[in-house]
Each structure stands twice: as structure tokens, then as C-alpha cells.
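Here is the structure we will look at.
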Amino acid sequence: MTIRDTYPIPRIDDTLDSLQEAKFISTLDLRSGYWQVEMDKNSREKTAFVTHKGLYEFNVMPFGLTNAPATFQRLMDVVLAGLKWQCCLVYIDDVVIYSPTFEQHLVDLEKVFQALKEANLTLKASKCQFCRQEMHYLGHVVTSKGIKPDPNLIKSVIEFPQPKKIKDIQSFLGLTGYYRRFIQN
1 MTIRDTYPIP RIDDTLDSLQ EAKFISTLDL RSGYWQVEMD KNSREKTAFV THKGLYEFNV
61 MPFGLTNAPA TFQRLMDVVL AGLKWQCCLV YIDDVVIYSP TFEQHLVDLE KVFQALKEAN
121 LTLKASKCQF CRQEMHYLGH VVTSKGIKPD PNLIKSVIEF PQPKKIKDIQ SFLGLTGYYR
181 RFIQN
């Protein structure tokens with residue numbers, strides 16, 4: 001039986017609030033983030049699976065484990081401890097660097113790169129975005145003028161089919177509730 005790790009994942013609202021004053025933003029995506037975390041030798045057997053070629057177990061943390069998000073968030077919080085909420089935010093394997101000026105942004109990027117390098121964590125360059133003044137992040141558009149809903153998700157709300165079952169209504173409420181911060185009264 002797995003004992004659930006209750007390590008907190010940051011609230012998206014708190015993360016977005018910290019980006020309100022950002023003039024320059026970069027996002028970093030870790031290359032197969034979970035796979036960069038080595039499994040404890042005593043835990044590997046718990047990931048065992050059988051194929052027609054034999055019995056295998058993971059040496060690195062696979063996606064889908066109950067505690068994988070909490071484990072990875074904890075790792076990233078430790079790796080970027082001195083930088084979080086100062087110039088960067090971490091939401092599991094997504095790192096955002098934010099700065100008030102371009103010059104400061106270059107300094108902040110260097111600090112984050114150095115911390116990731118020291119932890120032997122690698123990035124997927126094709127999914128990283130650098131020195132932007134507008135960026136899509138966690139279902140929102142972040143700009144130097146503020147935060148707004150992602151137009152693609154608004155389109156999903158507008159085009160949502162008429163609910164036929166309770167589960168459809170629950171899905172719709174979940175989708176619309178995600179943007180409650182933008183709805184007055």
C-alpha cells in the first residue's frame with residue numbers, strides 16, 4: 001500500500017499573482033522530468049511489471065506513480081530554494097523565470113541554469129521559451145500588463161456541448177471554475 005505524500009503543489013492562483021509585475025518571462029521545461037529522478041533501490045520492486053520478455057522494474061521515477069508529482073515538486077523546491085518567489089516559480093516540471101528588466105532577466109536565467117546544472121537536471125530546449133513579454137502559462141496568458149484567460153480555453157467554454165449527464169455538468173463547472181478569478185461578483 002502506498003502512503004500518500006502530502007507535499008504541497010503550489011496553487012496556480014498564487015503562482016499567477018507573483019507574475020503580475022513581470023516584464024520579461026521565460027519558461028523552462030525539464031526533459032522527461034520524472035525520469036531524471038533516480039528511484040530508491042528499495043522502492044524499485046514496487047514498479048515491477050512483466051512483459052513477454054521478462055520482469056522489469058524502473059530505475060527512475062515513472063509517470064503515474066501516486067507520489068510522483070509531490071516527489072518532483074519537492075526536488076524542484078530544494079534545487080531552486082534560494083530563487084523561488086524571488087525570480088522563479090516552479091509548478092512540478094514547469095519553471096518560470098520572471099524579471100522587471102531585460103538585464104536582470106539574463107542574470108536570473110543564469111542563476112536558474114546554474115542551480116539546475118548543479119542538480120544534474122536537463123531541459124528540453126524545444127519546449128523552453130526565453131525573454132518573452134507575453135506567454136501562455138498554466139492555461140493563462142501572462143503579459144507585462146497582467147494575467148488573462150487563454151482564449152483557446154474560453155473557446156472551449158463557449159463551444160461546450162449541452163450537458164446530458166451529471167458528469168457533463170461537473171466537467172463544465174470544473175472548466176468554468178478554473179477562471180473564477182476573472183468573473184466579477
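Heads up: the sequence shown at position 122 corresponds to 122 in UniProt numbering, and the numbers run straight through without jumps. Note that CB positions come from ideal geometry on N, CA and C, so glycine has one too. None of these values were measured; they are calculated from a predicted model.
Identify every residue that forms a DSSP beta bridge with residue i.
i, result
"isoleucine 97", "Ser26 and Cys88"
"lysine 148", "Val141"
"phenylalanine 49", "Tyr56"
"leucine 123", "Leu30"
"glutamine 129", "Thr27"
Where does the unbroken beta strand (DSSP E) through residue i begin, and where does it stop?
i, result
"glutamine 36", "Taken as a continuous stretch (DSSP letters only), glutamine 36 belongs to no beta strand (DSSP E), as it is neither H nor E."
"histidine 136", "134 to 137"
"leucine 75", "No beta strand (DSSP E) contains leucine 75, which is instead part of the alpha helix (DSSP H) from 68 to 79."
"glycine 64", "Unbroken run through glycine 64: none, as it is neither H nor E."
Does the separation of the CB atoms of residue i and residue j fall below 8 Å?
i, j, result
"asparagine 59", "glutamate 38", "yes"
"aspartate 5", "threonine 71", "yes"
"lysine 148", "valine 157", "no"
"valine 78", "valine 95", "no"
"proline 161", "isoleucine 169", "no"
"tyrosine 178", "glycine 139", "yes"
"isoleucine 97", "glutamine 73", "no"
"arginine 31", "lysine 124", "yes"
"serine 144", "alanine 22", "yes"
"leucine 89", "serine 26", "no"
With 16 other CB atoms within 10 Å as the buried threshold, where does residue i fall?
i, result
"leucine 16", "buried"
"glutamine 133", "exposed"
"histidine 52", "exposed"
"glycine 33", "buried"
"isoleucine 183", "exposed"
"methionine 76", "buried"
"phenylalanine 102", "exposed"
Mind checking which residues open and close the alpha helix (DSSP H) that includes residue i?
i, result
"glutamine 104", "102 to 118"
"glutamine 170", "166 to 177"
"isoleucine 3", "Segment: none, isoleucine 3 is in no alpha helix (DSSP H) and carries neither H nor E."
"leucine 16", "12 to 18"
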